[in-house]
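Enquirer: First to last, the sequence lines map onto chains A and B.
The opening position of the first sequence corresponds to residue 1 in UniProt numbering, with each subsequent residue numbered one higher.
The opening position of the second sequence corresponds to residue 1 in UniProt numbering, with each subsequent residue numbered one higher.
Here it is: the structure, laid out below.
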Amino acid sequence: MDWLLALIQDVLFILLAPLFSGWLKWVKCLLQNRRPPPLWQPYRDLRKLLGKRPVVADTASWLFPATPYVVFGAAALSAAIVPFFAVDLPTAAIADMIVLVSFFALGRFFLALAGMDVGTAFGGMGSSREMTIASLAEPAMLMAIFTLALTASTTNISVAIDYLLDTGLALRPSFLFALGGLLLVAVAETGRIPIDNPATHLELTMIHEAMILEYSGRHLALIEWAGQVRLMLYGVLIANIFLPWGLAREFTPEALGIGAAAIAAKLGVLAVVLALAETSVAKMRLFRVQEFLGFAYLLSLLGMLSHIILEV
Amino acid sequence: MPVPAYSIYEQAILFIAALVVFTSFLMLGQKRLFGMIHLFAAQGALLAATTALAAYTLPYPHLYISALIIVALKVILIPVMLHRLIIRMDMHRDAEPLYLYGYVMMGAAALVMFSYHVVAPIEHLSTLATRNAMAVSLAVVLLGMLLMITRRQVVTHVIGFMAIENGLFFAAVASTQGMPMVVELGIAFDVLVAAVIFGVFFFHIRSSIDSLDVDRLNRLNEVEP
């Protein structure tokens, strides 16, 4: 029964991820005085792409067609680890936050390899930029996660959230800083506006798009879908770690219903905040990304320091 | 002791302590003078909030007056004075170059850890939960000194000096539950006088070396080149 619920949670997570991006795009369009596309537009795009035959370059090795499946698999597995609307599921006991970070790293690693595999100029450039950003973002993310782990004395996300729900509301400066750091890292890692613009194909600025330029058909669909799952993963992580209220702790229909409603509300608000930030900030020059991520690292470091100095 | 075991007052003081250190870090990374002044005013506002909190929970109503003095001096008067000085000196569009930015930030983080280590034995003498804020206030003092060492603008030096004073004041409020009114009034007016004198000095320095970059003071000569 528990396993079934875990499976349902994972499948729901993956199925709802395009809806989250659709909602984000919808809010953003409204804020920019454009007429928004329907909320299910990402599903339409995915269906269209899934129905098309992928074209693979002659120079591509086995790595190129295998990458979309690896990337999507990594995203699906990470979605199983993160508590979506219920904690204490059996999948949560298997892996902890460090495994989650390495799942992200695995997907990124394969994408970077695939970007270089075909041998076009753009792919290699995109891979190099992506790895630069990742090498700066990962320490900040790990530091923020260790801050949480120090507070809850565990690296398991589910147990940590349980601990936070048990201790109740408290003013924790370390959490404020870790939240700031994690937000900046999430913006960088999911390729949102100050770092990368997911909507353009402008060779000066593109990072993520440059790597997947050679993909088409269902391969592209899988990569896009994995990207949407990853965006929602960061959203759910931030919402459930820093505002864990409403999460279902026992598996009764009412508790699960409240959990689902709570996470839907939290994600809806988070998307509005993200859309506001994206419309008010301009895209950064690539060489200023290190300052941005340096600030994220500083926030996470301050989070850890203030935990050690003030909260122990 | 885990955080929820503290009272809400202690939690709030510790929370503000973390924010005060954060404003110090932001000052170290701030290039523009206006941004610097706004950060200084924000630090002052946090300080006033701490004092008001202490006044609310402790039987010392005179702390409310201290909070008012802080708001009047450090949040309004001194920032406005510096603001007007900068506009009169026509420096409000300048951005100061940051030398060795990454190293300065790492040094700042190291200073925070150092001050924690130094204060650790002293903390055992106190039974207050907010004694941990002493490490933070020492860190704010050291970060203010770091700000003065690494920058070359006189205005930035002044703000670093004021930040040092903020750190000392925070130590007094957070770890000893307020200080005597006389001491406080003395310090407050010293700082105000210092701000006025600095304002005069700015013009003197500028009239003698044509800039406010203290590096050029190294090249002063008796003879005009």
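All C-beta atoms, glycine included, are put in the ideal place defined by N, C-alpha and C.
So, does the CB of A/Pro173 fall closer than 8 Å to a CB anywhere in chain B?
Expert: For A/Pro173, the answer is yes, since a Cβ of chain B falls inside 8 Å of its Cβ.
Enquirer: Could you give the distance in angstroms between the alpha-carbon of A/Ala149 and the alpha-carbon of B/Ile209?
Expert: Rounded to the nearest angstrom, the two C-alpha atoms are 54 Å apart.
Enquirer: By DSSP, does A/Arg285 sit in helix, in strand, or in coil?
Expert: Here A/Arg285 sits in coil by DSSP.
Enquirer: Please tell me whether B/Tyr116 has its Cβ less than 8 Å away from any Cβ of chain A.
Expert: Cβ-Cβ to chain A under 8 Å: yes for B/Tyr116.
Enquirer: Taking its Cβ as the centre, do 16 or more other Cβ atoms sit within 10 Å of B/Met106, making it buried, or is it exposed?
Expert: B/Met106 should be labelled exposed.
Enquirer: Can you check whether the C-beta of A/Ala140 is within less than 8 Å of a C-beta belonging to chain B?
Expert: So, not an interface residue.
Enquirer: Counting contacts by CB-CB distance shorter than 8 Å, is B/Leu14 in contact with chain E?
Expert: In the structure shown, chain E does not exist; the protein chains are A and B.
Enquirer: How many Å lie between A/Ala137 and A/Ala112 at the Cα?
Expert: In a straight line, the C-alpha of A/Ala137 is about 16 Å away from that of A/Ala112.
Enquirer: Just checking: is the beta-carbon of A/Ala160 within a distance shorter than 8 Å of some beta-carbon in chain B?
Expert: Answer no: the Cβ-Cβ gap between A/Ala160 and chain B never drops below 8 Å.
Enquirer: For the region 7-79 of chain A, which segments carrying the beta strand (DSSP E) assignment without a break, of at least 3 residues, lie completely within its bounds, in sequence order?
Expert: Here no run is fully enclosed.
Enquirer: DSSP puts B/Asp213 in a beta bridge; with which residues?
Expert: Answer is B/Gln153, bridged to B/Asp213.
Enquirer: Would you say A/Leu184 and A/Leu24 are within 8 Å of each other, going by their C-beta atoms?
Expert: Result no, Cβ atoms of A/Leu184 and A/Leu24 do not sit closer than 8 Å.
Enquirer: Does the region 81-93 of chain B come into contact with the region 30-37 of chain B, if we say contact requires no fewer than three beta-carbon pairs (one atom in each stretch) closer than 8 Å?
Expert: Touching, per the Cβ criterion.
Enquirer: For the pair the region 203-222 of chain A and the region 116-129 of chain A, tell me if three or more CB-CB distances fall below 8 Å.
Expert: With a cut-off of 8 Å, the region 116-129 of chain A and the region 203-222 of chain A count as touching, because enough Cβ pairs lie within range.
Enquirer: Quick one: is A/Thr167 near chain B, going by C-beta distance under 8 Å?
Expert: Yes, because at least one Cβ of chain B sits closer than 8 Å to the Cβ of A/Thr167.
Enquirer: Using a cut-off of 8 Å between C-beta atoms, extract the partners of A/Gly181 located in chain B.
Expert: The contacting residues do not exist; A/Gly181 stays about 12 Å from chain B at best.
Enquirer: Less than 8 Å between CB atoms is the rule here; does A/Ile263 satisfy it with respect to chain B?
Expert: It does not: the Cβ of A/Ile263 has no partner Cβ on chain B nearer than 8 Å.
Enquirer: Should residue 236 of chain B be flagged as near chain A, meaning a C-beta pair shorter than 8 Å?
Expert: Lying before the first or after the last residue shown, residue 236 of chain B is absent from chain B, which here runs from 1 to 225.
Enquirer: So, B/Glu123 versus B/Met134, is the Cβ gap smaller than 8 Å?
Expert: The answer is yes: Cβ separation under 8 Å.
Enquirer: If you draw a straight line from the alpha carbon of A/Met141 to that of A/Phe177, how long is it in whole angstroms?
Expert: C-alpha separation (whole angstroms): 12 Å.
Enquirer: Could you tell me the boundaries of the alpha helix (DSSP H) in which A/Arg129 lies?
Expert: Element bounds for A/Arg129: Ala121 to Ala152.
Enquirer: Is the beta carbon of B/Leu63 sitting closer than 8 Å to the one on B/Ala55?
Expert: It is a contact, given that the beta carbons lie within the stated cut-off.
Enquirer: Assign A/Ala248 to one of three DSSP states: helix, strand, or coil.
Expert: Reduced to three states, the DSSP call for A/Ala248 is strand.
Enquirer: Against A/Leu301, what residues of chain B qualify as contacts under a CB-to-CB distance less than 7 Å, listed in chain order?
Expert: Within 7 Å Cβ-Cβ: Ala109.
Enquirer: Is it right to say A/Asn33 is buried, meaning 16 or more other beta carbons lie within 10 angstroms of its own, or is it exposed?
Expert: The residue in question, A/Asn33, is exposed, as its Cβ has fewer than 16 Cβ neighbours within 10 Å.
Enquirer: Counting only Cβ pairs nearer than 7 Å, list the residues of chain A close to B/Val112.
Expert: Chain A residues near B/Val112: Leu305.
Enquirer: To be precise: take each residue of the region 12-36 of chain B, compare its Cβ to all Cβ atoms of chain A, and keep it if any distance is under 9 Å. Which residues remain?
Expert: Hits within the stretch, in order: Ala12, Leu14, Phe15, Ile16, Ala17, Ala18, Leu19, Val21, Phe22, Phe25 and Gly29.
Enquirer: If you draw a straight line from the C-alpha of A/Leu274 to the C-alpha of A/His201, how long is it?
Expert: Using only the alpha carbons, I get a separation of about 21 Å.
Enquirer: Using a Cβ cut-off of 8 Å (strictly closer), state whether A/Ile133 contacts chain B.
Expert: So, not an interface residue.
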